[in-house]
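These notes concern the structure reproduced below.
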Amino acid sequence: MKKLSSTIGLCVATVLAGSACLDLEVQNLNAPDRERAIQTPGDVEALVSGGFQTWENVTQGFYPGSVMSCVADSHSSSWGNFGMRDNCSEPRVAWNNDASYGSNAVARYPWQQAYLSLAGVRDGLLAIEGGLRIQEGPGEPDNTDRLVLFGKFIQALNFSNLAVIYDQAFLVTEAVTADELGMLEPVPSDQVWAKAEELYAEVIQGAERGGFTIPSAWHGFSGDWDGARFAEVARGLRTRYRTQMPRTPAERQALNWSAILADAQMGLSEPYGCTREPGGNWCIHQPKRYNAWFTGWTRKDYREIGPSDASGNYQQWISAPLGQRTPFDLDTDDVRIAPTGPCPFASSARCGKYHRYMGNSPFPADRGIYHYSNYIDWRWAYTWYEHRYETFWPDLVEKELEFIAAEANYNLGNMAAAMETVNKWRANGELPPFTDVNGVAPGGDRCVPKNNDGSCGDLWAALKYEKRIEVFLYGMATAYFDDRGWGD
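In our numbering, the protein residues as written are -13 to 474.
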């Protein structure tokens, strides 16, 4: 296993631990109960708002995004870290759900962090229900409603993660009493998602009324949010999660694409993400480092970039037995991949817009040469070389919503609108545009993308290819959830 030095603070506790403490013969003032721990407005504000960082630790942390990206054949790695070796090797194996499994954090960490976040919000909202006001003093602004709404947002985000990752979960909110906590039964993922949808609707409606500001430190140090900004971020994240819920192509096609299209088209006034400030804070996107440009950790999977190849080598590679899948150079007209010039920050190497040509792989051969690739994604290297990580880290950006809208249009039969989006992003790769919604990718023998049999892909294949190339490692496991819903 490759060595990784990091310290992750983890609260290891029973998932549904209640707020009440055990009756002890000697009172431990260093471990106070909820009533004494959150008596002040500042205590409650910190407890509730801190739940956002806990959610962020999952969506942009090591677990589960690293292994999900690898399983989706978005990046390639055979290192044992993050569960990648076991779960990304071929043929695929069933998930090891044993608690003693060495990579059980893939399933355990998102679960524990979700309930850590939900427990804090629950305790804070219960304190508010008990009469506490978020007000520094008489005559000072009353920020109670603002905190309650942000708490609902955090609940929606955590229930979203639980719904898309797990088949069932517990609905822990302030409506659940301490006595009921120990008797809660898990509900199916669709009911968990229904609760998230209910909360998103409440948050968006409240945010659109405005009259408050969400402090920058609560959500990632990228500037205060007014009500309109709060609403668009909540709406955008809801739109993303809506597309990630389905487990099958039939479920994905059955989504309410009209509603998804309406929300996606409302867009974002600016990218959503977090900013790591000078001196550091909790903002950093681990997948953008370890699953992208760290040259000793990862390579770009040929299944993602191979459809751009015009030489036929990709078709030979994909049809060969695993032990004969050796790395090869792409002959591609997609300038996002083709090494057309010197790399930023590594001028002796050659890069396309997004990818760097490596010509080698760091993985042990006995773990499978099919993991090898001559390419690595280089688009996030600037975060270190230009900023030493002290920069803005984008999560949800306008182009992801454009691709969701394009998929909605495709499923609704608005093929010309879908083609317009596909052509917009093909232009970024300097690829010729589609002119026929029922046709195949132009370019003849050099068409992009190609199917596994070497034929030119249709509009749907091109839409999927463009999204995979453009939206690499923005949000948590986007490629995995897309592949699951697309049947790929």
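We put the beta carbon where it would ideally sit given N, CA and C, even for glycine.
Because the structure is a prediction, the values reported are computed rather than measured.
> What's the gap between the Cα of L223 and the Cα of L382?
Replying inline: About 7 Å.
> CB-CB under 8 Å to F420, same chain, minus the five flanking residues each way: which ones, in chain order?
Replying inline: Counting only Cβ-Cβ distances below 8 Å, and skipping sequence neighbours, we find M405, V408, N409, R412, A427, P428, L445, A448.
>> Mapping the DSSP letters down to three states, classify L476 as helix, strand or coil.
In response: The requested residue 476 does not occur in the structure, where the chain is confined to residues -13 to 474.
> Could you give the distance in angstroms between the alpha-carbon of F349 and the alpha-carbon of G259?
Replying inline: Cα-Cα distance, rounded: 32 Å.
> Got a sec? Which residues, its chain only, sit under 6 Å from L247 by beta carbon, not counting five neighbours each side?
Replying inline: Residues A391, A394 of the same chain have their beta carbon placed closer than 6 Å to that of L247, with the five preceding and five following residues left out of the count.
> What three-state label does DSSP hand M353 in the structure shown?
Replying inline: One detail in the question is off: residue 353 reads as Arg in this sequence, not Met. R353 falls in the helix class under three-state DSSP.
>> Here's a check: name, in chain order, each residue in its chain whose Cβ is nearer than 7 Å to the Cβ of A463, leaving out the five neighbours to either side.
In response: A distance below 7 Å between beta-carbons, with the five flanking residues on each side excluded, links A463 to the following residues of its chain, in chain order: P50, G51, M54, S55.
>> Considering only the alpha carbon of each residue, which of Y87, G123, L241 lies closest to G28?
In response: Per the Cα distances, G123.
> Among F314, Y343, I24, which one has its Cα closest to the Cα of P328?
Replying inline: Closest option to P328, Cα to Cα, is Y343.
>> For W211, tell me which candidate among P232, T225, S175, S255 has the shortest Cα-Cα distance.
In response: Closest option to W211, Cα to Cα, is S255.
> Using the rule of at least 16 other Cβ atoms within 10 Å of the residue's Cβ for burial, across every protein chain shown, is D352 buried or exposed?
Replying inline: Residue burial is scored here from C-beta neighbours: D352 has fewer than 16 other C-beta atoms within 10 angstroms and is therefore classed as exposed.
> Should V383 be listed as close to the ligand MN, given that the test is whether its C-beta is under 7 Å from any heavy atom?
Replying inline: Of ligands this structure carries none, so the ligand MN is not represented either.
> Out of K436, E126, G399, which has the shortest C-alpha to C-alpha gap to N424?
Replying inline: Among K436, E126, G399, the Cα nearest to that of N424 is on G399.
> In three-state DSSP terms, what is S62?
Replying inline: For S62, the secondary structure class from DSSP, reduced to helix, strand or coil, is strand.
> Roughly how many angstroms lie between the CA atoms of L8 and T199, to the nearest whole one?
Replying inline: Any answer about L8 is weak, because its pLDDT of 31 lies below 50 and its placement is not dependable; what the coordinates show is given next. Between the alpha carbons of L8 and T199 lies a gap of roughly 39 Å.
> Hey, would you say T369 sits closer than 8 Å to Y375, going by beta carbons?
Replying inline: Yes. Within cutoff.
> Based on Cα-Cα distance, which residue from L387, T312, W179, D295 lies nearest to S477?
Replying inline: Absent from the structure is residue 477, since the part of the chain shown begins at -13 and ends at 474.
>> Residues in the same chain with beta-carbon distance under 7 Å from A113, minus the five sequence neighbours each way, listed in chain order, please.
In response: I24, V30, listed in sequence order.
>> Given this structure, state the Cα-to-Cα distance separating Q310 from S89, to the nearest angstrom.
In response: The alpha-carbon atoms of Q310 and S89 are separated by roughly 29 Å.
> Do you know offhand how far V305's Cα is from Y356's?
Replying inline: Just to set this straight, residue 305 is Ser in the shown sequence, not Val. Cα atoms of S305 and Y356: separation of roughly 12 Å, rounded to the nearest angstrom.
> Using DSSP with H/G/I as helix, E/B as strand and the rest coil, what is A324?
Replying inline: Assignment of A324 by DSSP, reduced to helix, strand and coil, places it in the coil class.
>> Tell me which residues share the same chain as F467 and place their Cβ nearer than 6 Å to its Cβ, disregarding the 5 neighbours each side in the sequence.
In response: Q230, listed in sequence order.
> How long is the line joining the alpha carbons of T326 and D319, rounded to whole angstroms?
Replying inline: The alpha-carbon separation between T326 and D319 amounts to approximately 10 Å.
> Tell me which same chain residues have a C-beta within less than 6 Å of the C-beta of N144, skipping the five on either side of it?
Replying inline: Excluding five sequence positions before and after N144, the CB atoms of its chain that fall closer than 6 Å to its own CB belong to W41, A100, S103, L104, given in chain order.
>> Considering only the alpha carbon of each residue, which of G36, F331, E237 lies closest to Q141?
In response: The candidate whose alpha carbon is nearest that of Q141 is G36.
>> Looking at the strands, I want to know which residues DSSP matches up with G259.
In response: According to DSSP, which records beta bridges pairwise, G259 is partnered with P380.
>> Rounded to the nearest angstrom, what separates L316 and L417 at their Cα positions?
In response: If I take the Cα positions, the gap works out to 16 Å.
> When you compare each of R285, F207, T234 to N267 by their alpha carbons, which one comes out closest?
Replying inline: Of R285, F207, T234, the residue nearest in Cα terms is F207.
> With 16 other CB atoms within 10 Å as the buried threshold, where does P96 fall?
Replying inline: Within a 10 Å sphere around the beta-carbon of P96 sit 16 or more other beta-carbons, which makes this residue buried.
> So what's R470 in DSSP terms, helix, strand or just coil?
Replying inline: Reduced to three states, the DSSP call for R470 is helix.
> Where Y186 and P174 are concerned, what is the direct C-alpha to C-alpha distance, given to the nearest angstrom?
Replying inline: Spanning the alpha carbons of Y186 and P174 requires a straight line of approximately 19 Å.
>> What does the alpha-carbon distance come out to for the pair F331 and T261?
In response: So the two alpha carbons sit approximately 22 Å from each other.
> Opposite I390 in the DSSP bridges: which residues?
Replying inline: Under DSSP, I390 shares a beta bridge with no residue.
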